Every structure is written in C-alpha cells, then in structure tokens.
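Notes follow once the structure below has been shown.
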Amino acid sequence: MRRARTARNKARNFPSSLDVQDWLQSHPEALISCPHQPGNLKLMPAACAKRHRTANEPRWAVIGAEPFHLFVFKMNLVPCRTCQIGARLAAQQQERAA
Ligand code: SF4
119 MRRARTARNK ARNFPSSLDV QDWLQSHPEA LISCPHQPGN LKLMPAACAK RHRTANEPRW
179 AVIGAEPFHL FVFKMNLVPC RTCQIGARLA AQQQERAA
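Residue numbers for the sequence shown, in our numbering: 119 to 216.
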C-alpha cells in the first residue's frame with residue numbers, strides 16, 4: 119500500500135536546530151551507549167535487544183565464505199552474541215511482550 123504524498127509546503131516543519139546533547143540530557147533513557155561496538159555507538163534499547171536476538175539466530179551464527187556485505191553484517195553481530203547488556207534488554211522486552 120502506497121503512502122499518500124504530502125506536498126512539500128504542507129509537510130511538517132522540523133526545528134532547524136535541535137541541540138542533540140540537550141535532548142539526550144533530558145531523555146537519558148532514550149539511547150544507550152554500546153561498550154563493544156566501535157565508534158562509541160549509541161542506540162535505542164529496543165535496537166540493542168534486536169541485535170542480541172539476531173546475533174543468536176542460527177542463520178547468522180556461522181561465518182563462512184559469503185558475499186562481503188553478509189560477512190560484514192555477521193562480523194558486526196559477533197560482539198552482540200554474548201553481550202550481557204543485550205541479553206538483559208532482550209529479556210526485559212520479552213517480559214513486557216508476555
Ligand atoms: S547487544 Fe551488546 S554489543 Fe550488541 S549493540 Fe547491544 S550493547 Fe552493543
């Protein structure tokens with residue numbers, strides 16, 4: 119199903135400048151900082167839990183000779199497999215869903 123198009127002049131206006139650091143200080147639970155991924159990755163707790171669940175799916179567990187983009191994807195999930203933070207967040211999400 120296609121979304122209805124919105125004319126540019128009727129599109130919602132976003133603030134031209136948003137101070138990200140201020141917003142993060144007023145919403146400290148919105149993003150977590152990952153200690154295992156490179157680049158001081160910040161992500162939503164739901165995304166972290168999803169990464170942990172995906173990393174533990176059997177189809178992403180075996181890393182062999184495969185296309186480069188799949189290889190990179192699987193290698194990025196390796197630290198998430200045994201991560202305690204991801205495990206805790208995934209368990210919390212599962213409790214909330216039940
Ligand atoms: S599961 Fe762990 S390693 Fe993966 S993104 Fe979350 S905190 Fe980082």
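Even glycine gets a Cβ: it sits at the ideal position worked out from N, Cα and C. Owing to the predicted nature of the structure, the values given are computational and were not obtained by experimental measurement.
Taking the alpha helix (DSSP H) that residue i belongs to, which residues open and close that run?
{"i": "N194", "result": "186 to 199"}
{"i": "A208", "result": "202 to 215"}
{"i": "K168", "result": "163 to 173"}
{"i": "P176", "result": "176 to 179"}
Could you have a look at residue i and say whether DSSP puts it in helix, strand or coil?
{"i": "S134", "result": "coil"}
{"i": "L142", "result": "helix"}
{"i": "R126", "result": "helix"}
Cβ of residue i within 6 Å of any heavy atom in the ligand COA?
{"i": "R169", "result": "The ligand COA is not part of this structure, which contains only the ligand SF4."}
Tell me which same chain residues have a C-beta within less than 6 Å of the C-beta of residue i, skipping the five on either side of it?
{"i": "Q211", "result": "A167"}
May I ask whether a heavy atom of the ligand SF4 can be found less than 6 Å away from the beta carbon of residue i?
{"i": "G204", "result": "yes"}
{"i": "P156", "result": "no"}
{"i": "P163", "result": "no"}
{"i": "P197", "result": "yes"}
Could you tell me which residues DSSP pairs with residue i in its beta bridges?
{"i": "K160", "result": "S151"}
For residue i, I'd like the list of residues in its chain whose CB is within less than 7 Å of its CB, leaving aside the five on either flank, ordered along the chain.
{"i": "G204", "result": "C166, A167, R169, H170, C198"}
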